[in-house]
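**Student:** If you number the sequence shown the way my numbering does, the last residue is 417 and the count never jumps. Yeah, the Cβ is synthetic: ideal placement off N, Cα and C, and Gly gets one too. Remember, it's a predicted structure, so these values are computed and weren't measured experimentally.
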Amino acid sequence: MSQEEQPFVDARGVTVRYGDLTAVDGAGLCAARGQVVGLIGPNGAGKTSLLECIEGIRTPAAGVIRVGGFDPAADRTRMTRIAGVQLQQLSYPPRATVEEMCRVFASFYPDPADHGVLLERFGLAGERRKQAVKLSGGQQQRLSLVLALLNDPQVVFLDELTNGLDPAARRLVWDELRRRNDDGLTVVLTSHHMEEVEYLCDRVNVLVAGRIAASGTPAELIRDHAGQTARLVLDGRGGDRELRAALTGLGDGVEVRPAGGRLLVDVRPDRRGDVDKALSAADCTPRELPPSLEDVYLNLTGQAAAPAADEAENAHVS
Ligand SMILES: Nc1ncnc2c1ncn2[C@@H]1O[C@H](COP(=O)(O)OP(=O)(O)OP(=O)(O)O)[C@@H](O)[C@H]1O
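1) Can you have a look at K146 and say buried or exposed, based on whether 16 or more other CB atoms are within 10 angstroms of its CB?
2) Would you call S417 buried or exposed, if buried means 16 or more other Cβ atoms sit within 10 Å of its Cβ?
3) Taking the alpha carbon of E154 as the point to measure from, which residue in Q134, G137, G168 and G183 has its own alpha carbon closest?
4) Give me whichever residues DSSP pairs with F289 in a beta bridge.
5) How long is the line joining the alpha carbons of H214 and E275, rounded to whole angstroms?
6) Tell me the rounded alpha-carbon separation between A414 and T328.
7) Compare the beta carbon distance of I164 and V305 with 8 Å and say whether it is the shorter of the two.
8) Any chance the CB of P399 is under 7 Å from a heavy atom of ligand 1?
9) Just how far apart, CA to CA, sit A345 and D365?
10) Relative to the alpha-carbon of D258, which residue among S290, T400 and A267 has its alpha-carbon at the smallest distance?
11) Taking the beta carbon of L333 as the centre, do at least 16 other beta carbons fall within 10 Å, making it buried, or is it exposed?
12) Closer than 5 Å from C-beta to any heavy atom of ligand 1: which residues, in chain order?
13) For Y396, does the three-state DSSP call read helix, strand or coil?
14) Can you find the residues in the same chain that come closer than 8 Å, C-beta to C-beta, to T121, ignoring five residues on each side of it along the sequence?
15) Keeping to the same chain, check which residues put their C-beta closer than 6 Å to that of A312; ignore five residues upstream and five downstream.
16) Does DSSP put G112 in a helix, in a strand, or in coil?
17) Could you pull the DSSP bridge partners for A358 from this structure?
18) In three-state DSSP terms, what is G118?
19) Distance check for L320 and R370, CA to CA, integer angstroms please.
20) Determine the closest residue to Y298 out of R269, A110 and G359, with distance taken between C-alpha atoms.
21) Give the list of continuous beta strand (DSSP E) stretches no shorter than 3 residues that lie fully inside the region 285–351.
22) Pull the bridge partners of E387 from the DSSP assignment, please.
23) Can you tell me whether F207 is buried or exposed? The criterion is at least 16 other CB atoms within 10 Å of its CB, across all chains shown.
24) Unbroken beta strand (DSSP E) runs of length 3 or more, entirely within the region 214–275: which are they?
25) Taking DSSP's pairing of strands, which residues face F169 in a bridge?
26) Are the beta-carbon atoms of L271 and G222 separated by less than 8 Å?
27) Have a look at the DSSP bridge pairing and note the partners of A161.
28) Give me, in chain order, the residues of the same chain whose beta-carbon lies closer than 6 Å to that of A407; leave out the 5 immediate sequence neighbours on both sides.
29) Within a Cβ cutoff of 6 Å, which residues of the same chain sit near C201, ignoring the five residues on either side of it in sequence?
30) In chain order, what residues of the same chain have a beta carbon less than 6 Å from the beta carbon of R132, not counting five sequence neighbours either side?
31) Rounded to the nearest angstrom, what separates T73 and L264 at their Cα positions?
32) Kindly give me the distance between the Cβ atoms of P252 and I156, rounded to whole angstroms, as I take these residues to be in contact under 8 Å.
33) Below 8 Å between beta carbons: does that hold for E387 and R330?
34) Among R361, R336, G338 and A377, which one has its Cα closest to the Cα of G350?
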């Protein structure tokens, strides 16, 4: 394999143990230079543990990890130069202002980025004199991203990137990351927001109980793992008892849930004909939700789907 084809981030066979607990069990992930790669999985699946090994801040019990061609744990100086790390929880020192935090972090690097520009980009220009601890949760989260990008990194590791951000701030962060990614930034991120992962990631790895259950592009994962169940939304029929009873009466393979003013119906492929007949008899035209990464996640993790209608729809980014 030529140098060009080597993944920029390459982690294989990583195992992490905490006492008797094997949190990561021979897992890994690869990211080519300039790719956005996601790591998803249930709470406790081992995402942060794996990420910390790739960042070089945790030593795995087994595995081979290379970032930019070198071992991130062995060469901390080089790693600090090329990588930005946004921690899941970063506690700011009391009384330090946003400006001071940026200056302190910038002093770690020989050639830091202009923090004024970064604060502007992440909507924090007006907060420079505020104490970091007094920022809102979402603002603190954005500050942690600014700090992660201060060394103008080649690769950035983002753990639960947009937790606590309002929709506008989330869009801002997505757009900024995508812009930097177009300029060649490699991104490895964990997230519990499937629409975020589907929107941002070129490749996705699904970690279940410390092992990679599947990986691929979002489209490949949806094709191979979203399952065959059709998800129908019956707008304005939430209170239609007759229709609900007719659908529920179809039994096996048809799941009906009221959600606000709507009915949500999950239909196994072999029951579709019966459902269509019932809907047609009730003069009801369903809206079919396209299969999504959320379906992949639910299938691979074995977790039951019970989202409210709004969540179910929000899971599908147009
Ligand atoms: N420092 C630690 N000491 C002991 N056990 C730990 C430690 N860190 C994590 N664990 C355990 O290892 C497992 C994996 O944790 P990890 O934080 O890597 O999962 P995660 O997928 O990032 O979870 P979440 O989505 O909740 O952030 C969990 O069972 C957790 O309790």
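**Tutor:** From the atom records:
1) buried
2) Per-residue confidence for S417 stands at a pLDDT of 32, beneath the threshold of 50, marking its modelled position as unreliable; the derived number appears in the next sentence. Counting Cβ neighbours within 10 Å, S417 comes out exposed, since fewer than 16 surround it.
3) Checking every option, the nearest Cα to that of E154 belongs to G183.
4) With the sequence shown as reference, residue 289 is identified as Thr, and Phe is not the correct amino acid for it. Its beta-bridge partners are L138 and D258.
5) So the alpha carbons of these two residues sit roughly 14 Å apart.
6) Model confidence at A414 stands at a pLDDT of 40, short of 50, so the residue's coordinates are unreliable; what they give is reported in the following sentence. The straight-line gap from Cα to Cα measures roughly 16 Å.
7) no
8) Looking at the sequence shown, residue 399 is not Pro but Leu. No.
9) 14 Å
10) S290
11) Looking at its Cβ environment, which holds 16 or more other Cβ atoms inside 10 Å, L333 is buried.
12) Y117, A122, N142, G143, A144, G145, K146, T147 and S148
13) It is helical.
14) T114, V115 and G309
15) V305 and L399
16) strand
17) R361
18) coil
19) 24 Å
20) R269
21) Within the region 285–351, complete beta strand (DSSP E) segments of at least 3 residues are found at 285–289, 302–307, 310–315 and 329–333, given in chain order.
22) In the DSSP output, where bridge partners are listed per residue, E387 has L331.
23) exposed
24) 254–258
25) V166
26) yes
27) T114
28) Bear in mind that a pLDDT of 42 at A407, under 50, signals an unreliable position, so the number given afterwards is only what the model happens to contain. Here the set comprises A358.
29) H214
30) The beta carbon of R132 sits closer than 6 Å to the beta carbons of F107 and T285 from its chain, once the five residues preceding and following it are set aside; these are given in chain order.
31) Coverage of the chain is limited to positions 100 through 417, which leaves residue 73 absent and any answer about it impossible.
32) Wrong, their Cβ atoms sit about 15 Å apart, outside the cutoff.
33) yes
34) A377
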